[in-house]
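Take a look at the structure below.
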Amino acid sequence: MRIAFILDNIILGQEPLGVTTMGAILKKHGHTVDYFDIPRDRAHWSTDAVAKFQPDVVGYSISTGLHNRYMAYNRLLKSKHPNYHTIVGGPHPSYFPDFLKTDTIDFLCVGEGEWPMLELVEALEHGKSPYEVAGLHVKMPDGSIRANPPRAYEQNLDALPFPDHSFILKFPHLRDSPIAYLMAGRGCPYNCTFCFNHVAIDLQAGRYTRYRSPENVIEECLELRDRFGKRYMAFQDDTFSLNFRYLEKLLPIYKEQVGLPYLAHLRADNLTERMADLLAETHCKRAVIGLENGTFDIRHKILDKKIT
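Right, here's the structure in full:
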């Protein structure tokens, strides 16, 4: 099968790790995958490259605020190349599954999409029914909506392949940047009202906050350094400072085997002096800490971010 992932150019400041992980899984199972961006200016929208690729499935990972742009593009693409299935996923479809009622959408993924996407593509390829895939809401032939049971969160993150980092070769600003993007784990246990995590934690069964083995993370870092020439690691974990015991295992190995500067997203109330020392000793050169608002009551009563 041929799968095209469409990404709005607005979000391509960094590699979309969820999409490229799906791409890696699909490629591993023998499917052909390519990635296309939507220009910022609608006047320059073109579907020619996607149509030339002749996809069987077109996928969109959608955040709220961009959903109308994506669907406008899909209608344009569908008008010129109608013979493909459309699947949407990401935060907006996961939180608003009625989005499936939008015309030109066939399938909607709730939560993490790696295994549902693979199962859907395999079913379509082998002529099996695609309507029973766990984790998907599907538009039936009569136009009705079927909501399949959710799929549990993958607990063994090492079972997932590394993201398809060859993605960056298609986009010069990512290819030529010294910065690599990766995640050591997934999930965040906090309930900040402005963040997707406080909803995502209940979308699927199983432990939401999970970690890759340190050895698996290091192997990906080395691939990014040695194969793609990256010289700075940007960890995209929502709260890198959450688990000190995990960092005590990961970071000394990182310092010894990778040895590159890195960025991490931290939270002020779990950043201890010991952790700060560990980060500094292992080449953390930039720490991103979200204070969100300078007013105590707004942080605690509205944002539900209880830091002082």
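With positions in the sequence shown counted from 1, the corresponding number in this note's numbering is that position plus 430. Note that the Cβ used here is the ideal one computed from N, Cα and C, for glycine as well. Only a predicted model underlies this, so the values are computations on that prediction, with no experimental measurement involved.
Simplified DSSP assignment, three categories, for residue i
i	result
S476	coil
R637	coil
D734	coil
R642	coil
F726	helix
D707	helix
L437	strand
I648	helix
I631	coil
T462	strand
Sequence-distant residues of the same chain with beta carbon closer than 6 Å to residue i, five excluded per side
i	result
V518	Y490, I492, I535, L538
E711	none
G443	none
P691	Y662, H713, K715
V463	I433, G453, L456, K457
F674	M705
I609	Y662, A664
I737	A698, D699
Own chain, CB closer than 7 Å to residue i, minus 5 neighbours either side, in chain order
i	result
L599	R605
N700	S671, L672
V551	M431, I433, L456, H461, V487
L530	L538, H567, K569, I575
E555	M431
E549	V563
Rounded Cβ spacing between residue i and residue j (contact assumed at less than 8 Å)
i	j	result
I719	A698	5 Å
R581	P546	6 Å
F665	L612	6 Å
I455	P591	6 Å
Y514	P485	5 Å
F597	Y465	6 Å
E542	Y583	6 Å
V540	L447	Their Cβ separation, rounded to whole angstroms, is 19 Å, which puts V540 and L447 out of contact at 8 Å.
D734	N621	5 Å
L708	A694	L708 to A694, Cβ: 11 Å. No contact.
Heavy atom of the ligand NAD within 6 Å of residue i beta-carbon
i	result
K736	No copy of the ligand NAD occurs in the structure displayed, which carries no ligand at all.
Within 7 Å, strictly: CB atoms of residue i and residue j
i	j	result
N504	T516	yes
R642	L677	no
R470	N439	yes
D594	T450	yes
R640	G615	yes
F626	P523	no
G636	Q585	yes
Same chain, Cβ closer than 8 Å to residue i, neighbours up to 5 away in sequence not counted
i	result
I683	P644, E645, I648
G724	none
W475	I468, P469, Y503, L506
K685	E711, T712, H713
V480	A434, I436, F466, V488, L507, H511
E653	F592, H595
A553	S559, P560, V563
K679	P644
* Asked: Enumerated in chain order, which unbroken segments of the alpha helix (DSSP H) with a length of 4 residues or greater are wholly contained in the segment 538 to 617?
  -> 544 to 555, 602 to 605
* Asked: Unbroken beta strand (DSSP E) runs of length 3 or more, entirely within the segment 650 to 704: which are they?
  -> Runs of the beta strand (DSSP E) inside the segment 650 to 704: 662 to 665, 692 to 696.
* **4-residue-minimum alpha helix (DSSP H) runs that sit fully inside the segment 470 to 537, ordered along the chain** => 478 to 483, 497 to 510, 521 to 525
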